[in-house]
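Novice: I am attaching a structure below and will ask some questions about it afterwards.
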Amino acid sequence: MAENGLHVYDMVVEGCRLPVRMAGSDEWPLAEVLSRKDNGDANPMFYVHYLDFNKRLDEWVTVDRVNIEKLQFPKKDNKTPQKEGKAPSSRASTPEKELQNGGMARTKSTAGRKRKLPIDSEDSQDSLPPQSLVPTKGPRQTGSLVDKTHDDVITRMKNIDMVELGRHRIKPWYFSPYPIELTNCPIIYLCEFCLKYMKSVKCLQRHRAKCNLQHPPGNEIYRKNTISFFEIDGRKHKNYSQNLCLLAKLFLDHKTLYYDTDPFLFYVMTEYDSRGYHIVGYFSKEKESTEDYNVACILTLPPYQRMGYGKLLIEFSYVLSKFEGKTGSPEKPLSDLGLLSYRSYWSQAIFEILLNLKGENGERPQITINEICEMTSIRKEDVISTLQHLALINYYKGQYIVTLCKDVTDGHMKAMQKRKIRIDPKCLHWQPKDWSKRGKW
Ligand code: ACO
Ligand code: ZN
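Residue numbers for the sequence shown follow my numbering, beginning at 11 and rising by one.
The following block contains the structure:
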């Protein structure tokens, strides 16, 4: 305790930096204080962002986890950190800031349309205003600007503690614009089939007595064993699409969000058991993409991550492109995990082709990059960047050649054998639509 009754922790205000012990580790990386909570005693809590780490690790910490001796005050020339309400601009210097801005920009497009989202009343969400959001890219954003700093203050912190979805309890990673009333609930409850959000188990039970869905809406366009895909039109199934975007936003933070679901299709992957078709993940896709993006946003729900479902979703997106007779690419920017997953998928898809090549008359096998694109539906830039990333491509006597050495091939053979579930194009029952011919979708 300082002499004049002030506590040493009173110095720790928004924008300060200091080493903080990360949850579940003995590391003390430098973190920035984004907010503080005073509990009326000498032990405030701080909401911190670890500077060199993804924002999903941001968390509330108690005073025993901060190293006050190494406290750095916000620099004066940085126009910000004030005690109340302003977002520390020093965050702009972190590499993630650019990504976060995407997530923040939503109020641009919803500005002027803000209305309270209803909660819990049984049919309330049938008349939801277009407040929830679909990820899309910059140029679509229109609408008047709101105070961006204010927006940042709201959206920079996780606002939901826990989500219950079917048999899973999931901890959110990022902010999502659920109604403010729900942010005070220790857990929010989602109907796992229509994704409606509720504040209590009781409400959920009441809802389940009425909601007879056992699968996502839309058409089941793929089924093999227990895996199905449903195609959902964002215009025809607005409530579902908006609820899906709200849920997805809890785990996606690098995209601009857009309120209108009409221009999108949603492909929801489910796993079947006797109780129904349970959502595992999804990707969204623009009905018409001028840049031939075949995925806008992609997500595997955390309980299912790192089990190969992400690559299954990606594979499905390329199978759709193949049916369309096109190459495609995911919308940029990719998140850190998105890039890892795409790199891994692209590498395997390309390896699979290279390893199956046969040379004619004892000659070395030959293939052009365009042929690889055609066979995989992966866009040319992505094929080249993958070959470069794998350091497989060399310039030799006026042409590019790909050299495969045994170690690399063995490694990839193993990785491919590990990938048990694959998309079987024979199980896809789907016709591509030419949305440009349909007038208004
Ligand atoms: N740490 C290290 N590697 C990882 C991690 C992780 N946390 N998660 C996935 N990977 C790697 C896997 O090791 C695997 O590579 P390998 O097979 O070569 O070992 C590869 O990424 C894919 O793994 P999957 O199990 O198929 O993918 P998963 O089901 O976990 O889904 C996804 C990946 C969709 C990116 C998931 O992490 C997710 O939903 N993240 C949150 C949302 C997000 O960031 N989406 C992508 C945004 S980009 C866009 O929308 C276009
Ligand atoms: Zn429901």
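The C-beta atom is built at its ideal place from N, Cα and C for all residues, glycine as well.
1) Below 6 Å CB to CB, which residues in the same chain sit around Ser351 once its five sequence neighbours on both sides are set aside?
2) How many angstroms separate the CA atom of His178 from the CA atom of Pro313?
3) Considering only heavy atoms of the ligand ZN, does any lie closer than 7 Å to the CB of Lys248?
4) Taking the C-alpha atoms as reference points, what is the distance between Asn380 and Ile78?
5) Take Ile388 as the anchor and find which of Leu330, Ile431, Met423 has the nearest alpha-carbon.
6) Nearest chain B C-beta to Ala401 closer than 8 Å, yes or no?
7) Is any heavy atom of the ligand ACO found at a distance shorter than 7 Å from the C-beta of Phe261?
8) Starting from Gln358, follow the alpha helix (DSSP H) in both directions and report where the run begins and ends.
9) Can you find a heavy atom of the ligand ZN that lies under 7 Å from the Cβ of Lys206?
10) The ligand ACO and Ala401: does any heavy atom of the ligand fall closer than 7 Å to the residue's C-beta?
11) Determine the extent of the beta strand (DSSP E) in which Met279 is found, giving its start and end residues.
12) Is it the case that the Cβ atoms of Met32 and Arg46 are separated by a distance below 8 Å?
13) In its own chain, which residues sit with a C-beta less than 8 Å from the C-beta of Arg353, not counting the 5 before and 5 after it?
14) I'd like the span of the alpha helix (DSSP H) that includes Met385, first residue to last.
15) I'd like to know whether the C-beta atoms of Val30 and Val73 end up nearer to each other than 8 Å.
16) If you draw a straight line from the alpha carbon of Arg432 to that of Tyr287, how long is it in whole angstroms?
17) Helix or strand or just coil, what does DSSP make of Gly291?
18) Starting from Tyr319, trace the beta strand (DSSP E) in both directions and tell me its first and last residue.
19) Quick one: using the 10 Å Cβ neighbour count with 16 as the cut-off for buried, is Asp263 buried or exposed?
20) Between which two residues does the beta strand (DSSP E) carrying Gly59 extend?
21) Please work out which residues of its chain come closer than 8 Å, Cβ to Cβ, to Asp392, disregarding the five sequence neighbours upstream and downstream, and give them in chain order.
22) On the DSSP bridge assignment, give the partners of Gln82 in chain order.
23) Answer with buried or exposed for Arg27, where buried requires no fewer than 16 other C-beta atoms within 10 angstroms of its C-beta.
24) Is it a yes or a no for the stretch 253-263 touching the stretch 182-196, going by three-plus beta-carbon pairs under 8 Å?
25) Report, in whole angstroms, the separation of the C-beta atoms of Ala41 and Val58, which I expect to be a contact under 8 Å.
26) Using three-state DSSP, classify Leu67 as helix, strand or coil.
27) Just checking Leu223 against the ligand ZN - is the residue's beta carbon closer than 7 Å to any of the ligand's heavy atoms?
28) Residues in its own chain within less than 7 Å of Leu214 by CB, not counting five upstream and five downstream?
29) On a Cα-Cα basis, can you pick out the residue from Gly335, Lys65, His17 that is closest to Thr165?
30) Please work out which residues of its chain come closer than 7 Å, Cβ to Cβ, to Glu334, disregarding the five sequence neighbours upstream and downstream, and give them in chain order.
31) Can you tell me which of the three DSSP states His178 falls into?
32) Whose CA, out of His247, Pro343, Asn235, Thr413, lies closest to the CA of Lys436?
33) Please confirm whether any heavy atom of the ligand ACO lies closer than 7 Å to the CB of Met317.
34) Give the DSSP-derived three-state secondary structure of Asp20 in the structure shown.
35) So, for Gln92: in the same chain, excluding its five sequence neighbours on each side, which residues have a beta-carbon less than 6 Å away from its beta-carbon?
36) Helix, strand or coil, according to DSSP, for Thr165 in the structure here?
Specialist: In terms of the structure at hand:
1) If you number the sequence shown from 1, residue 351 lands on position 341. Once the five neighbours on either side are set aside, the close Cβ partners of Ser351 are Gly320.
2) Counted from its first residue, the sequence shown places residue 178 at position 168. Counted from its first residue, the sequence shown places residue 313 at position 303. Near 7 Å, if we compare the C-alpha coordinates of Pro313 and His178.
3) One-based indexing of the sequence shown puts residue 248 at position 238. Not one heavy atom of the ligand ZN is found less than 7 Å from the C-beta of Lys248.
4) Locating residue 380 in the sequence shown gives position 370, counting from the first residue. Locating residue 78 in the sequence shown gives position 68, counting from the first residue. So the two alpha carbons sit approximately 58 Å from each other.
5) Within the sequence shown, the letter at position 378 stands for residue 388. Nearest C-alpha to Ile388: Leu330.
6) Here there is only one protein chain, and chain B is not present.
7) For the purposes of this step, residue 261 is taken as residue 251 along the sequence shown, with counting starting at 1. Within the cutoff, so yes.
8) The residue labelled residue 358 in the question sits at position 348 within the sequence shown. Element bounds for Gln358: 346-365.
9) Taking the first residue of the sequence shown as position 1, residue 206 is located at position 196. Correct: Lys206 has its Cβ closer than 7 Å to the ligand ZN.
10) By one-based count along the sequence shown, residue 401 stands at place 391. False, no ligand heavy atom lies under 7 Å from that Cβ.
11) Numbered from its first residue, the sequence shown carries residue 279 at position 269. Looking at the DSSP string, the run of the beta strand (DSSP E) that includes Met279 is 274-283.
12) The residue labelled residue 32 in the question sits at position 22 within the sequence shown. The residue labelled residue 46 in the question sits at position 36 within the sequence shown. 8 Å or more divides the Cβ of Met32 from the Cβ of Arg46.
13) Mapped onto the sequence shown, residue 353 falls at position 343. Correct list, in chain order: Thr396, His399.
14) Taking the first residue of the sequence shown as position 1, residue 385 is located at position 375. That run of the alpha helix (DSSP H) goes 379-386.
15) Indexing the sequence shown from 1 puts residue 30 at position 20. Indexing the sequence shown from 1 puts residue 73 at position 63. Pairing Val30 with Val73 gives a Cβ-Cβ distance that is not under 8 Å.
16) Here residue 432 is taken as the residue at index 422 of the sequence shown, counted from 1. Here residue 287 is taken as the residue at index 277 of the sequence shown, counted from 1. Distance between the alpha carbons of Arg432 and Tyr287 is about 18 Å.
17) Sequence index remark: in the sequence shown, residue 291 carries index 281 (1-based). If DSSP states are grouped into helix, strand and coil, Gly291 belongs with the strands.
18) As a working note, residue 319 is residue 309 in the sequence shown. Where Tyr319 is concerned, there is no enclosing beta strand (DSSP E), although the alpha helix (DSSP H) it sits in stretches over 319-334.
19) The residue labelled residue 263 in the question sits at position 253 within the sequence shown. It counts as buried.
20) The residue you call residue 59 lines up with position 49 of the sequence shown. Strictly speaking, residue 59 in this sequence is His, with Gly absent from that position. In the DSSP annotation of this structure, the continuous segment of the beta strand (DSSP E) that includes His59 starts and ends at 55-60.
21) In the sequence shown, the residue the question calls residue 392 occupies position 382. Within its own chain, the residues whose Cβ lies closer than 8 Å to the Cβ of Asp392, once the five positions on either side in sequence are excluded, are Ser339, Tyr352, Trp356, listed in chain order.
22) In the sequence shown, counting from the first residue as 1, residue 82 sits at position 72. Residue pairing by DSSP puts Gln82 in a beta bridge opposite Arg27.
23) Taking the sequence shown and counting its residues from 1, the one referred to as residue 27 is at position 17. Buried is the call here.
24) Enough Cβ pairs lie closer than 8 Å, so yes.
25) To locate residue 41, count along the sequence shown from 1; it is residue 31. To locate residue 58, count along the sequence shown from 1; it is residue 48. Cβ atoms of Ala41 and Val58 come within 8 Å of each other, at about 4 Å.
26) Walking along the sequence shown from the start, residue 67 turns up at place 57. Leu67 sits in a helix when the DSSP states are folded into three classes.
27) By one-based count along the sequence shown, residue 223 stands at place 213. Yes, Cβ of Leu223 sits closer than 7 Å to a heavy atom of the ligand ZN.
28) Your numbering for residue 214 matches position 204 in the sequence shown. Listed in chain order, the non-local C-beta contacts of Leu214 below 7 Å within the same chain comprise Tyr199, Cys201, Met208, local neighbours out to five positions each way being set aside.
29) Position 155 of the sequence shown, counted from the first residue, corresponds to residue 165. Just measuring C-alpha positions, the residue of Gly335, Lys65, His17 sitting nearest Thr165 is Lys65.
30) As a working mapping, residue 334 is identified with position 324 in the sequence shown. Excluding residues within five positions, the ones whose Cβ falls inside 7 Å are Pro442.
31) On the sequence shown, residue 178 is found 168 positions in, with the first residue counted as 1. His178 carries a strand assignment under DSSP once its states are collapsed to helix, strand and coil.
32) Taking the first residue of the sequence shown as 1, we reach residue 436 at position 426. When only C-alpha atoms are compared, the closest one is Asn235.
33) Along the sequence shown, read from residue 1 onward, the residue named residue 317 stands at position 307. Within the cutoff, so yes.
34) On the sequence shown, position 10 is the one that residue 20 refers to. For Asp20, the secondary structure class from DSSP, reduced to helix, strand or coil, is helix.
35) Here residue 92 refers to the residue found at position 82 of the sequence shown. Here Gln92 scores only 40 on pLDDT, less than 50, and its place in the model should not be relied on; the value that follows carries that caveat. Cβ neighbours of Gln92 beyond the five flanking positions: none.
36) As a working mapping, residue 165 is identified with position 155 in the sequence shown. Thr165 falls in the helix class under three-state DSSP.
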